[in-house]
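Shown next, in C-alpha cells, is the structure this report addresses.
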Amino acid sequence: MDNEILVKELGKMTQIFKQEKGQLSLLMLKAFDAEMNDYWNLIVSTPAYDNLTLKMALTDLVTLFNKHLSQAVLETITRTIILETTDPFVKEINQAFKVKNTVKYVYSAVISGINLEKAIIFESHPLSKKSS
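When we follow numbering that gives the first Met the number 0, the leftmost residue of the sequence shown carries the number 0, and every step to the right adds one.
Dropping the structure here:
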C-alpha cells in the first residue's frame, strides 16, 4: 500500500477520533517489521480509554476505525495496542516527540527500551492538567 494513502486516512482518523472521543495523548503506527512496509502496529493512548477495560476500549476503537478507514488501510494494521496515558512509553514518546496537527516520521529510535525502527506519529503530546 502507498504510504501516502495510509498517512492521509490516519491523519483524518486522528481528527475524527479527537472530535468523538476527546484528547489523544498518542496515536502512532509502529512498523511491524522494518523490512515489511505494509504491516503496522497501531498504538493509541487517550484518557477516554484509561478507565475502560482493555476489551471495551479495543471494541470501541476497532468499531470507530472500521467505520472510517478503507479496507486497504485496515488490512495493513496487524496489531492494535491501547496504552494508558500514564504508561512510561507514552510519557517518553510525548516528551521526545511533540506532534499535533502534523505527521512525524521516526527512524531508528529507542523509546523506553522499545526499538522504533520505523514509525509514523500522528499525535503525541502530554495532556493538559485540566482535562482528564
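Just so it is clear, CB atoms sit at the ideal spot from N, CA and C, and this is done for glycine as well.
A quick note: this is a predicted structure, and the numbers were derived from the prediction, not measured.
In the DSSP assignment, residue 115 falls within the beta strand (DSSP E) that extends over 113–123.
By the criterion of at least three beta-carbon pairs nearer than 8 Å, the segment 89–107 is not in contact with the segment 67–81. DSSP lists 43 as the beta-bridge partner residues of residue 81.
Measuring C-alpha to C-alpha distances from residue 51 to each of 83, 66, 62 identifies 83 as the nearest. In this structure the segment 2–11 does not lie against the segment 43–61, because fewer than three pairs of beta carbons, one per stretch, are closer than 8 Å.
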